[in-house]
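Trainee: Questions regarding the structure given below will be posed in turn.
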Amino acid sequence: MHVELDDNMKITNVQEVFNSLFPFLKIEFFEQEIKINGSIATRRHISNGNRKLGEFRNRTRASNNVSIFPNLTVSELEHDFVTIYALQSQVFRKSGKIWLETTVTDSWTLEEQNRQGELITAQMNVNRV
Numbered sequence: 003m004h005v006e007l008d009d010n011m012k013i014t015n016v017q018e019v020f021n022s023l024f025p026f027l028k029i030e031f032f033e034q035e036i037k038i039n040g041s042i043a044t045r046r047h048i049s050n051g052n053r054k055l056g057e058f059r060n061r062t063r064a065s066n067n068v069s070i071f072p073n074l075t076v077s078e079l080e081h082d083f084v085t086i087y088a089l090q091s092q093v094f095r096k097s098g099k100i101w102l103e104t105t106v107t108d109s110w111t112l113e114e115q116n117r118q119g120e121l122i123t124a125q126m127n128v129n130r131v
């Protein structure tokens, strides 16, 4: 299972495709707000899911697209979105009924993250019965 994203995909489509590949993960996107001196001041959540990836394209990286596949690490995926689309992204893993940021485990692959989310969620559901 491998998905190549393109500039015409809407943010909501990217999120749906990502979640269909990894049902115990979700991805959120943020725009970088740049200070005058060039450093990143804050990040703003992209709430309009109808915006297309191409709107965020880093013009110096015009020939590349983001690819999503099971052996890709979270940090590699997040790096690709920053360098290719100038988008900050954050992957979340399901843990029962809540979503946890994967910042501590960004070196894990998407497959590992998804499997861990599935195991934790299943264990929490068993413990509630």
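If you use the working numbering, the sequence shown corresponds to residues 3 to 131, in order.
Positions of the beta carbon are idealized from the N, C-alpha and C atoms, including for glycine.
1. Using DSSP's beta-bridge definition, name the partner residues of L23.
2. Given that a residue counts as buried once 16 or more other Cβ atoms are within 10 Å of its Cβ, and exposed if not, what is S91?
3. Here's a check: name, in chain order, each residue in its chain whose Cβ is nearer than 6 Å to the Cβ of L5, leaving out the five neighbours to either side.
4. Does DSSP put S77 in a helix, in a strand, or in coil?
5. So the candidates are Y87, G119 and F58; which of them puts its Cα closest to the Cα of V93?
6. Buried or exposed: which applies to V76, given that a residue is buried once 16 or more other Cβ atoms fall within 10 Å of its Cβ?
7. Should Q125 go down as buried or exposed, given a rule of 16 or more other Cβ atoms within 10 Å for buried?
8. For a minimum of 4 consecutive residues, which ranges assigned as the alpha helix (DSSP H) are wholly contained in the segment 76–114?
9. Quick check: L112 and L89, are their CB atoms within less than 8 Å of each other?
10. On the premise that T14 lies in contact with G56, defined as a C-beta separation below 8 Å, what is that separation, rounded to the nearest angstrom?
Mentor: Quick look at the numbers:
1. Beta-bridge annotation (DSSP): L23 is not paired with any residue.
2. Buried is the call here.
3. One detail in the question is off: residue 5 reads as Val in this sequence, not Leu. Taken in chain order, the residues that qualify are V19 and I70.
4. In the structure shown, S77 sits in a helix (DSSP, three-state: H, G or I).
5. Out of Y87, G119 and F58, G119 has the C-alpha closest to the C-alpha of V93.
6. With 16 or more neighbouring CB atoms inside 10 Å of its own CB, V76 falls in the buried class.
7. By the Cβ neighbour-count rule, Q125 is exposed, with fewer than 16 other Cβ atoms within 10 Å of its own.
8. Runs found: 76–87.
9. Here L112 is not near L89, since their CB atoms are 8 Å or more apart.
10. With 8 Å as the limit, G56 and T14 do not qualify as a contact, their Cβ atoms being about 15 Å apart.
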